[in-house]
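Some notes on the structure that comes next.
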Amino acid sequence: MDTTITIPQLTNTNGTGCKTKSEEKIKIITRHWIRILNVKLGWINDFDKIVTKYVMLFIILADIVFRGHDDIIRKVKFSVDNSMIVSSSDDTTARILDVATGKIIQCLNGHTDYVRCAEFSPDGYTIVSGSDDKTVRLWDVNTGKTLKKLEGHLRLVLCVCFARNGKNIASGSSDKTIRLWDVDSGETIRQFLGHSSEIWDVHFSFDCQKLVSASHDTTIRLWNVTTGEQLNELTQHLAPVTSASFSPDGKFIVSSSFDNTIRIWDVQSGKELKIFKEYLEKVREVKYFSDGQMVVSCSSDQTIMLWDIKSEKSVQKLNQNSRQMTSIDVSSDGTTIVSCSFDGIIQIWG
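Residue 41 in full-length UniProt numbering sits at position 41 of the sequence shown, and the numbers go up by one each step.
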């Protein structure tokens, strides 16, 4: 027997707030409610507890839609305190959005070509962005002004990230290089050479001692930040690797690829530990939840999937009513997901 719950679906089309668009009936299978009861009574295994936690969180709450960019949105990222989102777009801007009000706080103008990526610094006061204009820029969150323009890449800057200590930035480019930058001086500290094609993603480990990079050349590579030495090359993907990042404890890497798979790797050995194969289309991005037990991914099939790592099972699918998604992020407290798409829509789930 099914239980039907009616909830409002919220939408924001002007960036100034939320209004009720319609009421959408969502069927929740009775077994989900049985799971909740069983958790309280202690009659359920660990996997079902995880399923209950995440499925009930994202299936029964309304999604919120924001518009504002004039072209494709490439990336979305939460601030560390989850109060803001920064988005990067082919309209040559990055924008800072207030999650609570839906208002655009700042429009970051200065790049002269597509803005491929942007993210907040660990202290929340600065944003780093990368662009097809070959530059990396640092921005003041409060004023929206450019603080520094970092130059050195010879082609498009496709990915950027801050180290958790806030002192360094890594950037990846279609010039096949990764650059490590000093935030204070704006100078390149070193380059990492080895990929044979453009770099699509780069992330620091939590201790800031390693970098992981994902490339169009189908490989993932691990690097020593201090020496620039390549520590390992992971080669099991069969198509370009769209994203790669460390688990919260730094022991594993999760990656996504145009080969329609998500894979989990052991950092120390470089061995592939798990592979998720449910997707029939390209996987655009995958991210860890902060507890390290779950990952969330988005695909060209217009869906977001939540996965339990231990069981290698998908526990929830979210369908986005827009063109194919380009990026996702999950809040640090694990309660909210944000996605963006080719039609310039930012959608919040949670």
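Every residue gets a Cβ at the ideal spot worked out from N, C-alpha and C, and that includes glycine.
Short Cβ contact (8 Å threshold) for residue i with residue j
i	j	result
K167	V183	yes
T92	Y125	no
D133	T112	yes
S256	N82	no
G130	C107	no
D179	G228	First, the residue type needs correcting, since residue 179 is Arg and not Asp in the sequence shown. Cβ distance not < 8 Å, so R179 and G228 don't count as in contact.
L156	S171	no
I105	F342	no
L234	W223	no
D207	G250	yes
V295	I262	yes
H195	D175	no
Q236	E272	yes
D70	G344	yes
Classification of residue i by the beta-carbon crowding that lies within 10 angstroms, buried from 16 upward
i	result
S89	buried
D291	exposed
Q293	buried
T242	buried
L138	buried
S79	buried
S87	buried
K287	buried
T226	exposed
E285	buried
T143	exposed
N260	buried
I96	buried
L306	buried
Q209	exposed
N319	exposed
S247	buried
L238	exposed
E119	buried
C117	buried
S121	buried
D329	buried
D201	buried
S197	exposed
S269	exposed
I337	buried
D308	buried
Inter-residue CB distance, residue i and residue j (contact presumed, cutoff 8 Å)
i	j	result
F289	V267	Actually they do not touch by this definition, with Cβ atoms about 18 Å apart.
K282	S297	No, K282 and S297 are not in contact; Cβ-Cβ is about 11 Å, not under 8 Å.
V76	S339	7 Å
S185	I199	Incorrect: roughly 23 Å between the Cβ atoms, too far for contact.
F276	E312	6 Å
F204	R164	7 Å
I346	F66	4 Å
I335	G350	A quick correction: the sequence has Thr, not Ile, at residue 335. At roughly 5 Å, the Cβ-Cβ gap stays under 8 Å, so T335 and G350 are in contact.
Q316	Q302	Between Q302 and Q316 the Cβ distance is about 15 Å, and since that is not below 8 Å, they are no contact.
T135	K149	5 Å
Bridge partners - residue i, DSSP secondary structure assignment
i	result
Q209	BP columns for Q209 are empty, so no partner.
G110	According to DSSP, which records beta bridges pairwise, G110 is partnered with nothing at all.
N168	D182
N232	L222
I199	S215
F252	D266
L147	Answer is none; L147 lacks a bridge partner.
I85	F78 and L97
V157	S173
S129	A118 and R137
E272	W265
F66	I346
T242	Answer is none; T242 lacks a bridge partner.
T188	W181
S257	V241
I73	S89
The ligand FMN heavy atom lying under 7 Å from the CB of residue i
i	result
M325	Annotation note on the ligand FMN: not contained in the displayed structure, which lists no ligands.
is_contact[residue i, chain D] using C-beta, thresh 8 Å
i	result
S300	Protein chain content of the structure displayed is limited to a single chain, and chain D is not contained in it.
(message) Which runs of the beta strand (DSSP E) at least 3 residues long sit entirely within the stretch 314-348? Give them in chain order.
(response) 325-330 and 337-341
(message) Runs of 3 residues minimum, wholly inside the UniProt repeat "WD" (276-317): which ones carry the beta strand (DSSP E) assignment?
(response) 283-288, 294-299 and 303-308
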